[in-house]
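Everything on this sheet refers to the single structure shown next.
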Amino acid sequence: MTTHNAYPLQLLPTTSTHSLKSTLKPSSLKNPFDTASILTTSTRYSQSPPPYTPFHATSSLQIQSSGLALLAFPNPPKQLTTAVFSLSSSGHCERPVYLSTRAERSSGNCTLVRGEDESAAPLAETTYRWGPSAPVVRVGGEEMVMEKRKWVSRTVSFVWGGGRYEWRYGGRSEKRAVEAERGEECHCLILLERVEGEKKGEVRTTVARFVRGVETRTPGTKRSTAGNGGRLEMGLGGEGEGIREEVVVATVLVMLKKEVDCQRGTQIAIIGMFLAGSFCWMTGGPISVPSPGV
155 MTTHNAYPLQ LLPTTSTHSL KSTLKPSSLK NPFDTASILT TSTRYSQSPP PYTPFHATSS
215 LQIQSSGLAL LAFPNPPKQL TTAVFSLSSS GHCERPVYLS TRAERSSGNC TLVRGEDESA
275 APLAETTYRW GPSAPVVRVG GEEMVMEKRK WVSRTVSFVW GGGRYEWRYG GRSEKRAVEA
335 ERGEECHCLI LLERVEGEKK GEVRTTVARF VRGVETRTPG TKRSTAGNGG RLEMGLGGEG
395 EGIREEVVVA TVLVMLKKEV DCQRGTQIAI IGMFLAGSFC WMTGGPISVP SPGV
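Reminder that position 102 of the sequence shown reads as 256 in this note's numbering, one-by-one numbering, no gaps.
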């Protein structure tokens, strides 16, 4: 088992006094902190989602992951342990609450444990299979298949405790609303919603969100980095009841892993095109394919 005495990333402050007031509209910056954004009431919506769905965040964690840089070889990430930290009242990392560990670099399979649990008893286990198969997360004897709604969609759904949940990426208007609320940049927003009903009668409740920006992403990473860390805010009381914290943590880590896989796929495609172009240049022309019947 990987030792927990050292962590791959230093505990650097993840919140600063920097503000994006110069880049946001004045109307959106009217006392943004007076609204007590993390204490707002959960909101439900039916049919199409509104520009932004506020929710009551009862806890916040900081995920520290180095991810995969844009300009890099498409190798699996070197970081084998992803630490998830609790936060002080000022937004600084305190202690590791969870540790997600891979046994080897070539495998995506990982185990989630308590950060201070000497026995390293598994809270969640995630299994990845070769090919397009959906990853499976096991928590407390229950299995969740992380399935895409559509082949080209980044939305991932799963069933927990008899309820259906979805992780989806927020749109531009939702990210702008988060920027106005927090007074800081948000270039990536992933929302966890409980979904009830079907089609026109569908009702969605936001129970957690993952926010990534200049102040919240893992130190040393860039905006173009895939799968890097950020702030995980959860509203698991009231309307968010029914899902456990370790389920939220384990499933959002699957979303970050999917970002890395997507970036690796793009990098492999670019390298393939470069090699094909180099071959054509060395042979003096494109690869010729005989016509049928010739």
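A virtual CB, placed ideally from N, CA and C, is assigned to each residue, including glycine. Source: prediction; values computed, not measured.
At what residues does the beta strand (DSSP E) containing R358 begin and finish? Within the sequence shown, residue 358 is the residue found at index 204, counting from 1. Following the DSSP letters along the chain, one finds R358 inside the beta strand (DSSP E) bounded by residues 357-366.
Exposure of R348, with buried meaning 16 or more beta-carbon neighbours within 10 Å: The residue you call residue 348 lines up with position 194 of the sequence shown. Around the beta carbon of R348, 16 or more other beta carbons lie within 10 angstroms, which makes this residue buried.
Run through the DSSP bridge pairs and tell me what C342 is partnered with. Here the question's residue 342 lines up with position 188 in the sequence shown. In the DSSP output, where bridge partners are listed per residue, C342 has R366.
Among A430, A423, G431, E333, the one whose alpha carbon lies nearest that of A226: For this step, residue 226 is matched to residue 72 along the sequence shown. Nearest of A430, A423, G431, E333 to A226, Cα basis: A423.
Short Cβ contact (8 Å threshold) for A362 with V402: Counting from 1 along the sequence shown, the entry for residue 362 is found at position 208. Counting from 1 along the sequence shown, the entry for residue 402 is found at position 248. It is a contact, given that the beta carbons lie within the stated cut-off.
How about E328 and L346: are their beta carbons less than 8 Å apart? As a position in the sequence shown, residue 328 is number 174, starting the count at 1. As a position in the sequence shown, residue 346 is number 192, starting the count at 1. Not closer than 8 Å, so no.
8 Å contact criterion, which G384 and V365 should meet: CB distance rounded: In the sequence shown, residue 384 corresponds to position 230, counting from 1. In the sequence shown, residue 365 corresponds to position 211, counting from 1. The Cβ separation is near 6 Å, so the contact holds.
Based on the DSSP output, what are the partners of Q216 in its beta bridges? Within the sequence shown, the letter at position 62 stands for residue 216. Its beta-bridge partners are F239, R385.
Residue nearest to G316 in terms of C-alpha spacing, selected from K304, E297, V332, V408: Here residue 316 is taken as the residue at index 162 of the sequence shown, counted from 1. Per the Cα distances, E297.
So which of N229, Y252, W435 has the shortest CA-CA distance to E272? Your numbering for residue 272 matches position 118 in the sequence shown. Taking only the C-alpha atoms, the option nearest E272 is Y252.
Can the beta-carbon of L266 be found less than 8 Å from the beta-carbon of E387? For the purposes of this step, residue 266 is taken as the residue at position 112 of the sequence shown. For the purposes of this step, residue 387 is taken as the residue at position 233 of the sequence shown. No; because the gap between Cβ atoms is not below 8 Å, this pair is not in contact.
Could you give the first and the last residue of the continuous alpha helix (DSSP H) run that contains A278? By 1-based counting over the sequence shown, the position of residue 278 is 124. Careful: A278 lies outside any alpha helix (DSSP H), inside the beta strand (DSSP E) at 278-281.
What residues are listed by DSSP as bridge partners for R268? In the sequence shown, counting from the first residue as 1, residue 268 sits at position 114. In the DSSP output, where bridge partners are listed per residue, R268 has Y252.
Rounded straight-line distance, which links the Cα of G324 to that of R292: Here residue 292 is taken as the residue at index 138 of the sequence shown, counted from 1. Here residue 324 is taken as the residue at index 170 of the sequence shown, counted from 1. About 26 Å.
Shorter than 7 Å, the distance from the beta carbon of R318 to the closest heavy atom of the ligand ADP, or not? The ligand ADP is not part of this structure, which contains no ligands at all.
V299, buried or exposed, once every other Cβ within 10 Å from all chains shown has been counted against 16: Within the sequence shown, the letter at position 145 stands for residue 299. Classification for V299: exposed.
Would you kindly check if the distance between the Cβ of T236 and the Cβ of L407 is under 8 Å? Reading the sequence shown from its first residue, position 253 is the one you call residue 407. Reading the sequence shown from its first residue, position 82 is the one you call residue 236. The beta carbons of L407 and T236 sit closer together than 8 Å.
Consult DSSP for F312 and reduce its assignment to one of helix, strand or coil. As a working mapping, residue 312 is identified with position 158 in the sequence shown. Of the three classes helix, strand and coil, the one that applies to F312 here is strand, per DSSP.
Closest residue to G381 among L215, S219, F209, S214 (Cα-Cα distance): Position 227 of the sequence shown, counting from 1, holds the residue named residue 381. Closest by alpha carbon: S219.
Identify, in the order they occur along the chain, each residue of the same chain with its Cβ nearer than 6 Å to the Cβ of E457, setting aside the five sequence neighbours on each side. Residue coverage of the chain in this structure runs from 155 to 448, which leaves residue 457 outside it and unanswerable.
Within 10 angstroms of the Cβ of P231, are there 16 or more other Cβ atoms? Answer buried if so, exposed if not. Taking the sequence shown and counting its residues from 1, the one referred to as residue 231 is at position 77. P231 is buried by the Cβ-count criterion.
Inspect the beta-carbon positions of T360 and F209 and report whether they are closer than 8 Å. Residue numbering aside, residue 360 sits at position 206 when the sequence shown is read from its first letter. Residue numbering aside, residue 209 sits at position 55 when the sequence shown is read from its first letter. In this structure, F209 lies closer than 8 Å to T360 by Cβ.
What do you get for L277, buried or exposed, if any count of 16 or more other CB atoms within 10 angstroms of its CB means buried? By 1-based counting over the sequence shown, the position of residue 277 is 123. Looking at its Cβ environment, which holds 16 or more other Cβ atoms inside 10 Å, L277 is buried.
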